[in-house]
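Below is one structure, written out as structure tokens; the observations come after it.
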Amino acid sequence: MDKRFYTVPETESGMRLDKWLAAEDTGLTRTALQNLIESGNIIVNGKSVQKNYKQRSGDRIEVNIPDPEPLRVEAENIPLDIVYEDSSLLVVNKPKGMVVHPAPGNYTGTLVNALLYHCGDSLSGINGIIRPGIVHRIDKNTSGLLIVAKNDTAHAGLSEQIKVHSFTREYEAVACGRFREEQGSIDAPIGRHHTDRKKMCVTDRNSKNAVTHYRVIEQFDKYAHLRLRLETGRTHQIRVHLSYIGHPVLGDDVYGKPFKGIDGQCLHAKKIGFVHPVTGEYMEFDSELPDYFKEILRKVK
20 MDKRFYTVPE TESGMRLDKW LAAEDTGLTR TALQNLIESG NIIVNGKSVQ
70 KNYKQRSGDR IEVNIPDPEP LRVEAENIPL DIVYEDSSLL VVNKPKGMVV
120 HPAPGNYTGT LVNALLYHCG DSLSGINGII RPGIVHRIDK NTSGLLIVAK
170 NDTAHAGLSE QIKVHSFTRE YEAVACGRFR EEQGSIDAPI GRHHTDRKKM
220 CVTDRNSKNA VTHYRVIEQF DKYAHLRLRL ETGRTHQIRV HLSYIGHPVL
270 GDDVYGKPFK GIDGQCLHAK KIGFVHPVTG EYMEFDSELP DYFKEILRKV
320 K
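In the working numbering, the protein residues as written are 20 to 320.
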């Protein structure tokens with residue numbers, strides 16, 4: 020069971036408990052929090068409360084999140100575009116539209132289902148049954164390179180490189196608008212959106228530092244072809260940062276606007292580089308732009 024503790028500040032007194040907790044980057048929706056209150060898993064000053072409880076300054080909140088029920092993830096014979104593979108890891112070129120790991124509404128057809136068929140039991144277990152081997156992820160509608168760990172040693176070594184920002188990740192995107200500068204950096208902290216828990220945003224509240232470097236490959240009339248390098252790896256980082264500076268990724272229906280003829284954002288994880296966690300050799304892989312990306316470039320030109 021995951022136990023979390025919070026203390027209500029004076030400035031938040033009188034606010035509904037479920038609403039306040041939903042804004043405290045718990046990762047839980049108000050509905051989920053209300054269910055936890057009703058089941059007695061959220062305790063205030065050592066006592067259970069009603070779901071409409073209005074908190075007071077200094078309240079000591081204990082949130083108990085029960086362990087999820089075991090879920091069996093099935094192996095599926097789904098073709099994989101494997102760029103590199105050895106006994107410790109593999110690098111996969113994920114197609115646009117494929118979900119990385121199972122989640123509500125997507126328990127089949129994911130990259131993990133395909134990896135279980137290809138690798139069998141040879142995947143790291145650090146992230147549990149839902150995300151075996153998954154060291155980092157890219158969004159469903161983002162295509163490109165992803166590294167997968169086959170054992171816990173490789174997983175730990177790769178995760179450490181991501182943590183200290185020595186992991187090379189370069190993307191290409193088509194963004195909206197004209198850029199005044201040919202290159203630049205976006206240094207703005209990212210955290211959970213205060214009202215829409217499925218979204219991220221630039222915020223100083225419960226956020227982490229985030230830095231994205233960009234360069235304009237080609238500027239068109241209303242769009243730009245960009246190369247981007249991640250210094251940090253926050254959820255939806257490129258999409259949030261480009262939207263923040265007024266140049267959302269083309270087709271991004273969450274942080275920008277939909278675009279006719281494209282399902283989701285035009286964003287591709289093109290290059291990945293890392294030190295092999297076993298051999299110590301630096302390895303770098305580059306992928307060709309997929310057909311959908313080339314077609315979008317043709318259209319915007």
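Cβ coordinates follow ideal geometry from the N, Cα and C atoms, glycine included. Note that this is a predicted model, so its numbers are computed, not measured.
Is it the case that the Cβ atoms of threonine 251 and histidine 184 are separated by a distance below 8 Å? As a first step, residue 251 must be located in the sequence shown, where it is residue number 232. As a first step, residue 184 must be located in the sequence shown, where it is residue number 165. Taking 8 Å as the Cβ cut-off, threonine 251 and histidine 184 qualify as a contacting pair.
Three-state secondary structure (DSSP) at tyrosine 263? Stepping through the sequence shown from its first residue, residue 263 is reached at position 244. Secondary structure at tyrosine 263: helix, using DSSP grouped into helix, strand and coil.
Boundaries of the beta strand (DSSP E) in which leucine 247 is found, first to last residue: In the sequence shown, counting from the first residue as 1, residue 247 sits at position 228. Following the DSSP letters along the chain, one finds leucine 247 inside the beta strand (DSSP E) bounded by residues 242 to 249.
Measure the Cβ-Cβ separation of leucine 165 and lysine 113 and say whether it is below 8 Å. To locate residue 165, count along the sequence shown from 1; it is residue 146. To locate residue 113, count along the sequence shown from 1; it is residue 94. In this structure, leucine 165 lies near lysine 113, with their beta-carbon atoms less than 8 Å apart.
Collapsed DSSP secondary structure at glutamine 238 in the structure displayed: For the purposes of this step, residue 238 is identified with residue 219 of the sequence shown, where counting begins at 1. Shown here, glutamine 238 sits in a strand according to DSSP, grouped into three states.
According to DSSP, is glycine 163 part of a helix, a strand, or is it coil? To locate residue 163, count along the sequence shown from 1; it is residue 144. Glycine 163 falls in the strand class under three-state DSSP.
According to the neighbour-count rule (16 or more other Cβ atoms, all chains shown, within 10 Å of its Cβ), is methionine 117 buried or exposed? What you label residue 117 is simply residue 98 of the sequence shown in a count that begins at 1. Taking all protein chains in view, the Cβ of methionine 117 is crowded by 16 or more other Cβ atoms within 10 Å, so the residue is classified as buried.
Serine 262: which of Ile209, Arg75, Leu99 and Leu40 sits nearest, CA to CA? Residue 262 sits at position 243 when you count from the first residue of the sequence shown. The residue with the shortest Cα to Cα distance from serine 262 is Ile209.
Please check the pair leucine 245 and glutamate 200, which I expect to be a contact at CB under 8 Å, by giving their CB distance rounded to whole angstroms. The residue you call residue 245 lines up with position 226 of the sequence shown. The residue you call residue 200 lines up with position 181 of the sequence shown. Not confirmed; about 12 Å, so no contact.
Alpha carbon to alpha carbon, what distance is there between glutamine 53 and phenylalanine 304? In the sequence shown, the residue the question calls residue 304 occupies position 285. In the sequence shown, the residue the question calls residue 53 occupies position 34. Approximately 46 Å between the Cα atoms of the pair.
Neighbour-count burial assignment, alanine 122, 16 or more Cβ in a 10 Å radius: Position 103 of the sequence shown, counting from 1, holds the residue named residue 122. By the neighbour-count definition (other C-beta atoms within 10 Å, threshold 16), alanine 122 is an exposed residue.
If we define contact as Cβ-Cβ less than 8 Å, is aspartate 272 a contact residue for chain C? Any reference to chain C falls outside this structure, which holds one protein chain only.
So within the stretch 138 to 195, which uninterrupted beta strand (DSSP E) runs reach at least 3 residues, ignoring any that extend past its ends? If only complete runs of 3 or more residues are kept, the stretch 138 to 195 shows the beta strand (DSSP E) at 162 to 168 and 187 to 195, in order along the chain.
So the candidates are Asn64, Val319, Ser306 and Gly59; which of them puts its Cα closest to the Cα of valine 27? Reading the sequence shown from its first residue, position 8 is the one you call residue 27. Of the candidates Asn64, Val319, Ser306 and Gly59, the residue whose Cα lies closest to the Cα of valine 27 is Asn64.
N-terminal and C-terminal residue of the alpha helix (DSSP H) that lysine 115 is part of: As a working mapping, residue 115 is identified with position 96 in the sequence shown. Segment: none, lysine 115 is in no alpha helix (DSSP H) and carries neither H nor E.
Which residues does DSSP pair with alanine 288 in a beta bridge? As a first step, residue 288 is located in the sequence shown; it is residue number 269 there, counting from the start. According to DSSP, which records beta bridges pairwise, alanine 288 is partnered with Gly163 and Tyr190.
CB-CB length for glutamate 43 against tyrosine 25, believed under 8 Å: Indexing the sequence shown from 1 puts residue 43 at position 24. Indexing the sequence shown from 1 puts residue 25 at position 6. Rounded to the nearest angstrom, the Cβ distance from glutamate 43 to tyrosine 25 is 6 Å, consistent with a contact under 8 Å.
The alpha helix (DSSP H) spanning isoleucine 62 covers which residue range? Within the sequence shown, residue 62 is the residue found at index 43, counting from 1. First-last for isoleucine 62: 61 to 63, but that is the beta strand (DSSP E), not the alpha helix (DSSP H).
Going by DSSP, what residue range makes up the alpha helix (DSSP H) through lysine 38? Looking up residue 38 in the sequence shown gives position 19. For lysine 38, the uninterrupted alpha helix (DSSP H) run begins and ends at 36 to 41, by DSSP.
Could you pull out every residue in the same chain whose Cβ sits closer than 6 Å to the Cβ of arginine 156, ignoring the five residues on either side in sequence? Along the sequence shown, one-based indexing puts residue 156 at 137. Here the set comprises Val119.
Just to confirm my understanding: we take methionine 20, look at its own chain, exclude 5 residues before and 5 after, and list those with CB closer than 7 Å. What are they? As a first step, residue 20 is located in the sequence shown; it is residue number 1 there, counting from the start. Setting aside the 5 residues that flank it on each side, methionine 20 is surrounded in the same chain by Asn83, Ile84, Pro85 and Asp86, each with a C-beta closer than 7 Å to its C-beta; the list follows chain order.
Find out if the Cβ-Cβ distance for the pair valine 297, alanine 173 is shorter than 8 Å. For the purposes of this step, residue 297 is taken as residue 278 along the sequence shown, with counting starting at 1. For the purposes of this step, residue 173 is taken as residue 154 along the sequence shown, with counting starting at 1. Yes, they are a contact pair.
Taking the Cβ atom as the reference point for each residue, do lysine 232 and arginine 248 lie within a distance shorter than 8 Å? Here residue 232 corresponds to residue number 213 of the sequence shown, with the count starting at 1. Here residue 248 corresponds to residue number 229 of the sequence shown, with the count starting at 1. Looking at the sequence provided, one finds histidine at residue 232 rather than lysine. Against a cut-off of 8 Å, the Cβ pair of arginine 248 and histidine 232 comes out as a contact.
So what's glutamate 104 in DSSP terms, helix, strand or just coil? For the purposes of this step, residue 104 is taken as the residue at position 85 of the sequence shown. Here glutamate 104 sits in strand by DSSP.
Buried or exposed: where does lysine 161 fall if 16 or more other Cβ atoms within 10 Å of its Cβ makes it buried? Position 142 of the sequence shown holds residue 161. The amino acid occupying residue 161 in the given sequence is threonine; lysine does not appear at that position. With 16 or more other Cβ atoms within 10 Å, it is buried.
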